[in-house]
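Each remark here refers to the structure printed beneath this line.
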Amino acid sequence: MTIREMQKVLDARFLYGEEMADLEAQFVFSSDMMSDVLAYGGKCSVLITGLCNPQVVRTAEMLDIICIIFVRGKMPDDNMLRLAMAKGIAVLATGHYMFTTCGMLYEHGLRGGA
Amino acid sequence: MGEVLNFRYTIDGDDFTRAGEASSSVKNKLKQLGLDSDVIRKVSIAMYEGEINMVIHADGGNITVSVTDSDITMVLSDTGPGIPDVEKAMQEGYSTARAEVRSLGFGAGMGLPNMKKYTDEMHIDTTIGKGTTITMKVHI
Ligand SMILES: Nc1ncnc2c1ncn2[C@@H]1O[C@H](COP(=O)(O)OP(=O)(O)O)[C@@H](O)[C@H]1O
Ligand SMILES: [Mg+2]
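In order, the protein sequences belong to chains A and B.
Quick note on UniProt numbering: the first sequence kicks off at 1 and runs consecutively.
Quick note on UniProt numbering: the second sequence kicks off at 1 and runs consecutively.
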């Protein structure tokens, strides 16, 4: 599934990285605990989270994640978006809750890393 | 390469927002050196967890990273409270982090186990009341 397809399915907004919309993702990790993402998200290229602080972007950077999806209407601030830009990580925001977001993407063929 | 490259960082213990800048800088440098992306990811994750620990448990410290043809060595030293029971601290899920740290996405007690998991060698030298030095090595 491409980032563009995820954006459409989730009725999400591109906060950064529309030019990366055609990149493909296969595995996704979702968590609000960044240590869990670091422990188990190794082969995932998309991070779904309801946590909203700069360490989310840092965590994504360390794992070479290409797209962060913020759920429950969470809005990263300018500092976080600047960081995402600097690292070339696309950022989407959706109003859906975590479970719904994950379910919708699963239905469209995305899978967890393990 | 042939020679040894050294990078040094001072980690500010008061600024959680900036935690990870040193790990990010190292990641960039290793990319520029053209190292294998799996090696870079392992180093980045291990160092980032260590850097976060320095900020949340030890009020900052110093990190030195050396790169040779055969491996990358990270030495993280702080003058924090030390770790009373290293064996316990190494267990998944063990954490003394405050609720405030947990609300920031850390403090799940996975940091030290992650550091061990992603490196080829790890050694913890710690003295209560004096500080902690963690040495980690990743083979290239
Ligand atoms: N640099 C350090 N100085 C003092 N204590 C530390 C340090 N690093 C880790 N610890 C101790 O070891 C515990 C486990 O660390 P870790 O596995 O990273 O989990 P977490 O950081 O989520 O608590 C910490 O809760 C803390 O008590
Ligand atoms: Mg930790």
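The beta-carbon is built from N, C-alpha and C at its ideal position, and this holds for glycine as well.
Note that the structure is a prediction, hence the values are computed from the model and not measured.
Residue i versus residue j - alpha carbon distance
i	j	result
residue 51/A	residue 59/A	12 Å
residue 6/B	residue 10/A	45 Å
residue 17/A	residue 70/A	14 Å
residue 6/A	residue 105/A	7 Å
residue 101/A	residue 43/A	20 Å
residue 71/B	residue 4/B	10 Å
residue 19/A	residue 4/A	10 Å
Among the options, the one whose alpha carbon lies nearest that of residue i
i	options	result
residue 129/B	82/B, 113/B, 78/B, 111/B	82/B
residue 37/A	132/B, 109/B, 119/B	109/B
residue 101/B	4/B, 3/B, 15/B, 8/B	15/B
residue 74/A	63/A, 65/A, 94/A, 88/A	94/A
residue 87/A	42/B, 43/B, 21/B	21/B
residue 45/B	118/B, 138/B, 139/B, 122/B	118/B
residue 89/B	114/B, 75/B, 104/B	114/B
Own chain residues within Cβ distance below 8 Å of residue i, not counting five before or after
i	result
residue 111/A	26, 27, 28
residue 27/B	40, 43, 44
residue 2/B	69
residue 47/B	22, 23, 26, 63, 65, 74, 76, 136
residue 18/B	12
Cut-off 7 Å between Cβ atoms - residues of its own chain near residue i, not counting five sequence neighbours on either side
i	result
residue 55/A	34
Beta-carbon proximity list for residue i, same chain, < 6 Å, skipping 5 on both sides
i	result
residue 53/B	111
residue 133/B	77, 125
residue 66/B	4, 6, 73
Length at least 3, wholly inside the UniProt domain "DRTGG" (6-105) of chain A: the beta strand (DSSP E) runs in chain order: The UniProt domain "DRTGG" (6-105) of chain A contains these whole beta strand (DSSP E) runs: 13-16, 27-30, 46-49, 67-70, 90-93.
Closer than 6 Å to ligand 2: residues, by C-beta to nearest heavy atom, in chain order: Here the list is 49/B, 52/B, 53/B, 106/B, 111/B.
4 or more residues per run - each alpha helix (DSSP H) lying fully within the UniProt domain "Histidine kinase/HSP90-like ATPase" (19-137) of chain B: Runs of the alpha helix (DSSP H) inside the UniProt domain "Histidine kinase/HSP90-like ATPase" (19-137) of chain B: 21-32, 37-58, 86-89, 99-102, 111-118.
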